[in-house]
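Trainee: Let me give you the structure first, and then I'll get to my questions.
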Amino acid sequence: DAGITQSPRYKITETGRQVTLMCHQTWSHSYMFWYRQDLGHGLRLIYYSAAADITDKGEVPDGYVVSRSKTENFPLTLESATRSQTSVYFCASSGSPLGGAGELFFGEGSRLTVL
Amino acid sequence: GQNIDQPTEMTATEGAIVQINCTYQTSGFNGLFWYQQHAGEAPTFLSYNVLDGLEEKGRFSSFLSRSKGYSYLLLKELQMKDSASYLCALALNTGFQKLVFGTGTRLLVSP
């Protein structure tokens, strides 16, 4: 009954370092998403994926890289972290197209601080 | 593009009714979602409106008017546990499944 899990839950890193946030879901959902949440901006879409090996950019993709070699995993990598990437990151999944009332299921979030 | 506007913060009293509004400008969308997010937690699904009108689900109801670019979430018989942020989100019909969120309304329920 794991659902969707993210790791690490908390991470402090330094400017310029590479950081990878992991996301794993056990429902075999086709659609997976990465959002960041900042005060005053709400949730903003970084990247999304319709299936294994299919990914595309969202609203704020710069500085991030994703991959989806397996349906259940959708890691997000910050190649060279910057202070502006300090945020709470949420991974989400959906079993059906959102237009068909496919609600998003969110992970618990990963709080990243870049010093 | 699309703009989604919600009040930043609202306060209400336990047992009362509160209406949280969401207005938007967009070229097209499939439906409108409402999510609840308690502080420090993940958002959770509350409701989804495709057609104009009211969708009722227990103490919570959501309304959509496409012609007016307007939605609201109605919370009845408020409880302390309803203190949370409420996020309005549009499911865009851009050929792929994208959900665009408003900045959310923080609701504080007092005794």
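Here the protein sequences come in this chain order: B and Z.
Each residue of the first sequence is one higher than the last, beginning at 1 in our numbering.
Each residue of the second sequence is one higher than the last, beginning at 1001 in our numbering.
Built from N, CA and C at the ideal position, the CB exists for glycine as well.
Closer than 9 Å between beta carbons: that is the criterion. Which residues of the region 40-64 of chain B meet it against chain Z?
Mentor: Gly40, His41, Gly42, Leu43, Arg44, Leu45, Tyr48, Ala50, Asp56, Gly58 and Glu59
Trainee: Do phenylalanine 33 (chain B) and alanine 1042 (chain Z) have their C-beta atoms within less than 8 Å of each other?
Mentor: Not closer than 8 Å, so no.
Trainee: From what residue to what residue does the beta strand (DSSP E) around leucine 1092 (chain Z) run?
Mentor: 1084-1093
Trainee: Considering only residues of the same chain and omitting the five flanking positions on each side of threonine 86 (chain B), which have a CB-CB separation below 7 Å?
Mentor: Leu112, Thr113 and Val114
Trainee: If we define contact as Cβ-Cβ less than 8 Å, is leucine 104 (chain B) a contact residue for chain Z?
Mentor: yes
Trainee: Along chain Z, in chain order, which residues have C-beta atoms closer than 9 Å to that of phenylalanine 90 (chain B)?
Mentor: Ala1042 and Pro1043
Trainee: From glycine 963 (chain Z) to serine 1067 (chain Z), what does the alpha carbon distance come to, in whole angstroms?
Mentor: Since the first and last residues shown for chain Z are 1001 and 1111, residue 963 (chain Z) lies out of range.
Trainee: Please report whether the beta-carbon of glycine 3 (chain B) lies at a distance below 8 Å from any beta-carbon of chain Z.
Mentor: Glycine 3 (chain B) does not count as touching chain Z.
Trainee: Which residue marks the beginning of the beta strand (DSSP E) containing alanine 1039 (chain Z), and which one marks its end?
Mentor: Membership of alanine 1039 (chain Z) in any beta strand (DSSP E) is not indicated, and neither H nor E is assigned to it by DSSP.
Trainee: Who are the Cβ neighbours of isoleucine 4 (chain B) in its own chain at under 6 Å, not counting the five residues just before and after it?
Mentor: Gln25, Ser93, Phe105 and Gly107
Trainee: Counting only beta-carbon separations shorter than 8 Å, does tyrosine 1070 (chain Z) have a partner in chain B?
Mentor: no
Trainee: Are the beta-carbon atoms of leucine 1046 (chain Z) and phenylalanine 1060 (chain Z) separated by less than 8 Å?
Mentor: Their beta carbons are under 8 Å apart, which means leucine 1046 (chain Z) touches phenylalanine 1060 (chain Z) by this criterion.
Trainee: How about tyrosine 1086 (chain Z) and isoleucine 1017 (chain Z): are their beta carbons less than 8 Å apart?
Mentor: no
Trainee: Quick one: what's got a C-beta closer than 6 Å to serine 80 (chain B)'s C-beta in the same chain, skipping five residues either side?
Mentor: Gly16
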